[in-house]
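Protein chains in written order, with our numbering: chain Y, 17 to 852; chain G, 6 to 111.
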């Protein structure tokens with residue numbers, strides 16, 4: 017680089033740094049919205065949870081090392097194994113890959129941050145606060161103790177009367193805000209925030225995997241969130257969703273939980289597969305074989321995983337045909353998994369592999385995951401599953417899949433991206449020793465546990481009798497478990513020492529081709545000095561001088577003339593530039609809102625409903641403050657985006673990022689609503705003590721209010737939208753829409769008059785359906801009022817009507833769920849009145 | 006966004022059809038079915054008809070995806086959508102085959 021060019025890059029760096037930097041000192045920790053900072057903090061938090069879960073695992077192995085152990089009593093042991101599973105699944109596995117994604121994705125995609133930076137911060141703080149609450153509960157001895165899948169009736173108030181189960185139900189639901197937030201972020205970012213020219217076929221493979229995983233999170237988590245909420249309603253208000261004597265069915269929980277729980281396995285595996293598909297070709301000094309086939313395998317694996325949930329319920333007495341459906345899909349899912357494995361082997365074959373440390377971990381993954389996959393096929397066979405169900409064979413299988421299929425590739429990924437994360441190159445060499453300790457310890461523990469499972473040892477027992485034949489196996493497994501723990505401890509130590517002490521490294525030490533290696537290391541807050549233009553999947557291979565061009569501002573938005581945080585959004589398929597997205601400044605609001613949200617969720621643990629209500633008002637107020645700070649009061653028209661291209665800002669397009677975010681949030685919301693309708697149909701069809709003693713009669717008033725409200729709400733917002741676009745007065749339309757929403761609420765409220773919330777599962781379900789409709793109508797109403805104030809304050813014009821489109825989307829959703837929900841509530845009453 | 010739909014719709018229709026047929030099996034085996042005056046033989050026929058309808062839908066989507074008017078302008082997306090369409094068809098045939106081959110309501 018010549019001196020002049022270096023000066024250009026340095027000047028640009030200084031200008032961008034002053035715009036994008038975090039607030040100084042401790043304040044910056046709480047106000048940051050930057051993906052690099054949040055990603056780093058998230059990684060540290062999730063690693064802390066891995067340590068906590070690991071310590072609990074060691075306690076379990078200490079307890080089971082000898083028969084009749086007096087190390088822990090059953091009450092403590094129940095909390096320990098429940099929290100081990102809960103921490104590893106909810107507080108480590110998912111948050112860790114989310115953390116890595118938040119950190120890496122903007123760099124890989126060639127953009128300056130994720131689509132909704134404040135949402136990243138909010139999700140992170142929800143996670144940290146929620147995790148801290150769970151750990152405090154553990155230390156205080158009131159941690160959940162019903163197993164990580166919390167089956168009722170064990171978790172119902174009759175058998176779990178304390179607050180332990182409430183902490184799980186409310187705490188995990190709260191923490192899942194973080195997963196949903198990250199998923200919305202990732203989907204919108206991958207679809208819209210990319211380098212110019214990065215069409216769908218040029219996406220980094222990791223981005224494809226994360227897009228698939230994010231959609232899975234949006235569609236898999238809602239059933240479990242619904243299950244948690246209705247179980248909590250049962251515990252708090254005696255609404256009998258899971259009580260057979262009143263028309264409930266504990267199997268409903270199992271359906272809702274595993275509708276989440278099985279896709280969850282693939283939600284955990286696919287990011288790891290994304291890491292393997294990214295790292296392995298670099299280690300093999302080649303490109304990924306069969307890119308399109310890998311994408312097809314990832315998508316089909318994701319969707320097939322939603323057809324597997326009942327294979328966790330093979331022992332519940334489901335008819336043979338039902339078992340056969342899920343056994344068939346359980347075998348089918350091996351096909352896309354196998355496609356990926358063979359493509360990775362083919363990639364190794366095609367290239368010239370080098371055995372660096374990340375590659376060592378990937379080889380460990382291959383061996384372990386294939387073994388876990390094969391035992392997975394075994395338990396997919398119903399007769400075998402009946403023998404192995406709830407035994408240590410299953411414990412061993414799931415650890416082979418989760419540790420082998422997730423933890424090993426993630427460690428490979430951390431070592432691979434260590435220069436990007438820390439700016440340093442690995443100097444200390446504890447990693448190789450740690451790897452072998454982990455391998456020996458892991459297989460020594462879990463290979464043996466298959467055996468003890470086949471000998472009949474049940475999972476979750478706190479002790480066993482001497483003379484059972486399990487003593488030696490358990491002792492060896494426990495010794496190996498401690499070797500495994502030492503190995504993982506060394507991995508963390510090795511990474512920490514290299515991250516903080518090792519020498520500075522050069523950019524792109526692996527000679528990788530993807531864009532995250534095209535920035536200075538560690539990446540600056542703005543990630544890219546200018547938005548690059550790419551025309552292949554491996555832009556750094558095609559244009560080795562691309563990093564220099566980016567640093568000199570030769571891409572898009574290379575001159576920060578408007579002195580604000582800007583990046584470029586592109587079209588979904590072709591990656592053509594579409595608009596300039598203006599990002600928010602640092603803000604304390606996400607942190608404060610996470611604190612208030614945590615109070616809203618956790619106060620019901622102590623039956624402090626008033627506090628939860630006040631916090632709900634607080635969350636609403638903070639959300640309005642959050643939303644108010646965006647937008648513009650004047651039309652800016654087309655702005656110079658660099659390279660001779662002029663584009664509007666996101667304020668002046670019909671479907672701004674907020675609309676896209678809402679769209680995918682509503683996808684999750686609609687799955688929750690669909691799960692509710694599924695539960696209603698399930699209870700009606702399968703549960704004992706149905707039909708209910710009294711069926712709701714719709715009458716005339718309710719349907720009339722529903723039809724009128726739907727028409728007014730939907731029509732009013734369209735009138736307002738049209739008025740805004742023609743610079744007319746939108747007040748009439750907005751007010752009509754508000755009136756419609758209030759009418760819809762009244763229609764839903766008629767359900768309460770004809771039912772009693774705790775009389776029967778039917779009544780309880782109708783109350784939840786009506787509550788869901790009222791909640792969404794209220795939400796849409798608040799948004800409509802917000803729109804009214806925004807119009808008054810001059811935030812909307814014939815060019816700036818995106819806010820109205822967002823509100824319209826939420827109103828349309830409220831109308832749709834009101835129609836479906838009230839239709840479902842009233843249908844049995846209507847049918848009962850039809851003469852036979 | 007149309008390309009995302011081309012890629013995702015066939016396999017999403019598979020999971021919808023799979024869930025619907027599983028739900029139908031639940032209804033056939035419930036008291037509601039016999040209360041409506043229907044026999045298990047009619048239940049089997051309904052399940053097989055649903056399976057056939059799901060397969061026909063998948064075949065129709067594959068055909069539609071191949072039409073010049075409906076296919077993606079991006080060849081890579083078109084190929085991916087076709088692969089996933091075939092995957093959805095195979096999944097429909099295989100995963101719902103028990104409606105014709107296993108016992109009902111046992």
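Even for Gly, the Cβ is constructed at its ideal location relative to N, Cα and C.
Computed from a prediction, not measured in an experiment: that's the story for all the values here.
Could you tell me which residues DSSP pairs with residue i in its beta bridges?
i	result
residue 440 (chain Y)	Y:520
residue 656 (chain Y)	Y:662
residue 283 (chain Y)	DSSP, once it has assigned bridges, lists no residue as partnering residue 283 (chain Y).
residue 474 (chain Y)	Y:407
residue 549 (chain Y)	Y:212
Determine the closest residue to residue i out of the options, with distance taken between C-alpha atoms.
i	options	result
residue 25 (chain Y)	Y:545, Y:88 and Y:307	Y:545
residue 419 (chain Y)	Y:322, Y:73, Y:568 and Y:583	Y:73
residue 205 (chain Y)	Y:245, Y:133, Y:270 and Y:174	Y:133
residue 342 (chain Y)	G:102, G:14 and G:55	G:102
residue 56 (chain G)	G:6, G:111 and G:18	G:18
residue 286 (chain Y)	Y:404, Y:253, Y:321 and Y:269	Y:321
residue 435 (chain Y)	Y:392, Y:457, Y:515 and Y:597	Y:515
residue 549 (chain Y)	Y:575, Y:593 and Y:407	Y:593
residue 184 (chain Y)	Y:219, Y:218, Y:99 and Y:214	Y:99
residue 370 (chain Y)	Y:344, Y:411, Y:361 and Y:301	Y:301
residue 413 (chain Y)	Y:568, Y:389, Y:161 and Y:460	Y:389
residue 81 (chain G)	Y:312, Y:318 and Y:623	Y:312
residue 543 (chain Y)	Y:210, Y:442 and Y:690	Y:210
residue 5 (chain Y)	Y:123, Y:604 and Y:660	This structure does not reach residue 5 (chain Y), given that chain Y is present from 17 up to 852, and the question cannot be answered.
residue 641 (chain Y)	Y:606, Y:581, Y:653 and Y:739	Y:606
residue 39 (chain Y)	Y:53, Y:657 and Y:30	Y:53
residue 208 (chain Y)	Y:597, Y:217, Y:453 and Y:95	Y:597
residue 696 (chain Y)	Y:404, Y:798, Y:841 and Y:85	Y:841
residue 828 (chain Y)	Y:784, Y:730 and Y:386	Y:730
residue 68 (chain Y)	Y:108, Y:177 and Y:787	Y:108
residue 572 (chain Y)	Y:34, Y:737, Y:555 and Y:583	Y:583
residue 713 (chain Y)	Y:742, Y:839, Y:599 and Y:741	Y:839
residue 267 (chain Y)	Y:167, Y:174, Y:500 and Y:228	Y:167
residue 5 (chain Y)	Y:56, Y:121 and Y:387	Residue 5 (chain Y) falls outside the range modelled here, since chain Y spans only 17 to 852, and no answer is possible.
Does the beta-carbon of residue i, which I'm using as the reference point, lie nearer than 7 Å to any heavy atom of the ligand NAP?
i	result
residue 54 (chain G)	What this structure holds is no ligand at all, so the ligand NAP is not there to describe.
Runs of alpha helix (DSSP H) wholly within the region 211–267 of chain Y (minimum 4 residues, chain order): 221–253
Positions along the region 26–38 of chain G whose CB lies within less than 8 Å of some CB in chain Y: 26, 27, 28, 30, 31, 32, 34, 35 and 37
What beta strand (DSSP E) runs, 3 residues minimum, are completely inside the region 563–627 of chain Y? 582–586 and 593–598
Counting only Cβ-Cβ distances shorter than 7 Å, please list the residues of the region 47–65 of chain G near chain Y, keeping chain order. none
When Cβ atoms are compared, which residues of the region 88–105 of chain G fall closer than 9 Å to chain Y? 88, 89, 92, 93, 95, 96, 99, 100, 101, 102, 103 and 104
Any contact between the region 136–143 of chain Y and the region 186–195 of chain Y? By contact I mean 3 or more CB pairs, one from each, below 8 Å. yes
Near-chain Y residues of the region 7–19 of chain G - C-beta to any C-beta below 9 Å: 7, 8, 9, 12, 13, 16, 17 and 19
Under 8 Å, with one C-beta from each stretch per pair, do the region 667–682 of chain Y and the region 804–822 of chain Y reach the 3-pair mark? yes
Under 8 Å (Cβ pairs) to chain G, residues found in the region 761–778 of chain Y: none
Cβ contact (3+ pairs, closer than 8 Å) linking the region 400–413 of chain Y and the region 448–467 of chain Y: yes
Taking a cut of 9 Å between CB atoms, which residues from the region 88–100 of chain Y lie near chain G? none
Against chain G, which members of the region 325–349 of chain Y pass a CB distance test of less than 9 Å? 326, 335, 336, 337, 338, 339, 340, 341, 342, 343, 344, 345, 347 and 348
Is it true that the region 421–428 of chain Y meets the region 364–384 of chain Y, where meeting means three or more beta-carbon pairs spaced less than 8 Å apart? yes
Pairs of beta-carbons, one from the region 718–728 of chain Y and one from the region 693–703 of chain Y, closer than 8 Å: are there three or more? no
Residue ranges of each alpha helix (DSSP H) within the region 24–107 of chain G, 4 or longer: 36–40, 45–71, 80–100 and 103–106
According to a CB-to-CB cut-off of less than 8 Å, which residues of the region 204–219 of chain Y neighbour chain G? 207, 215, 216 and 217
Three or more beta-carbon pairs under 8 Å between the region 524–540 of chain Y and the region 469–489 of chain Y, yes or no? no
Touch test, the region 834–845 of chain Y against the region 678–686 of chain Y, Cβ-Cβ under 8 Å, three pairs minimum: no
Listed from N- to C-terminal order along the chain, which residues in the region 673–704 of chain Y have their beta-carbon within a distance smaller than 9 Å of any beta-carbon of chain G? 694, 697, 698, 700, 701 and 702
What residue ranges within the region 446–519 of chain Y form continuous alpha helix (DSSP H) runs of no fewer than 4 residues, ordered along the chain? 446–470 and 487–516
Under 8 Å, with one C-beta from each stretch per pair, do the region 797–804 of chain Y and the region 653–664 of chain Y reach the 3-pair mark? no
Proximal residues, the region 308–323 of chain Y versus chain G, C-beta separation under 7 Å: 308, 311, 312, 315, 316, 319, 320, 322 and 323
When you check each C-beta in the region 564–592 of chain Y against every C-beta of chain G, which residues fall closer than 7 Å? 588 and 589
My parser needs the beta strand (DSSP E) runs of 3 or more residues fully inside the region 726–751 of chain Y; what are they? none
Along the chain, which unbroken stretches of the alpha helix (DSSP H) at least 4 residues long are found entirely within the region 737–821 of chain Y? 747–769 and 777–808
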